[in-house]
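So the structure is just underneath, and the comments pick up after that.
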Amino acid sequence: MTLEDTGSTAGFVHGHAAEHAGVERRHVDDHDRLSREHLAAHEALCHRHVEDHAGLADRHVAEHEKAAGASSAQKAGQSAVHAAQHLLMEMRHAGELAWMEARHAGARLGIDARHAMELLAQERRHATDDGQPHPG
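The sequence shown lines up with residues 1100 to 1235 when you count with this note's numbering.
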């Protein structure tokens, strides 16, 4: 963008600001989109987490019902195994959540890096444009 394009210094400055505003708008839109996608992924993971635990709990109830005549020691052993299964499931879910958060953080950094590069390119372009008409 040159003065020749805009016709005045004020127009040149306004054009420069408008270009920056466009980059900023895209940056905000990119973060908004990513946040919505991230929220949807969290909701899906939490729903699956609840479903996994409910299924495991139903299976455990059925196993306890089958073992109604078992000794107290056998019932305690069965309960210990069930508790360990829920713990392992929690560990798996925690790992999935950590991986999701790491991917999300990487995507946010990518958006910010692209934004910084766009602004840098704009500033370089504006710095080399002296605002004077160029021979044509």
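Don't be surprised by glycine CBs; every beta carbon is placed ideally from N, CA and C.
It should be emphasised that the depicted structure is a prediction, and the values quoted were computed from it without experimental measurement.
Integer-rounded CB distance, given that residue j should sit under 8 Å from residue i
i            : j            : result
residue 1126 : residue 1214 : 4 Å
residue 1195 : residue 1144 : 6 Å
residue 1162 : residue 1177 : 6 Å
residue 1166 : residue 1174 : 6 Å
residue 1185 : residue 1155 : 6 Å
Inter-residue spacing [alpha-carbon to alpha-carbon] between residue i and residue j
i            : j            : result
residue 1179 : residue 1132 : 44 Å
residue 1198 : residue 1190 : 12 Å
residue 1120 : residue 1146 : 39 Å
residue 1152 : residue 1193 : 14 Å
residue 1216 : residue 1142 : 33 Å
residue 1227 : residue 1187 : 60 Å
residue 1122 : residue 1148 : 39 Å
residue 1158 : residue 1135 : 35 Å
residue 1204 : residue 1114 : 33 Å
Range of the contiguous alpha helix (DSSP H) that encloses residue i
i            : result
residue 1168 : Premise fails: residue 1168 is in no alpha helix (DSSP H) and is neither H nor E.
CB contact check: residue i to chain D, cutoff 9 Å
i            : result
residue 1207 : Looking at the structure shown, chain D is missing, and only one protein chain is on hand.
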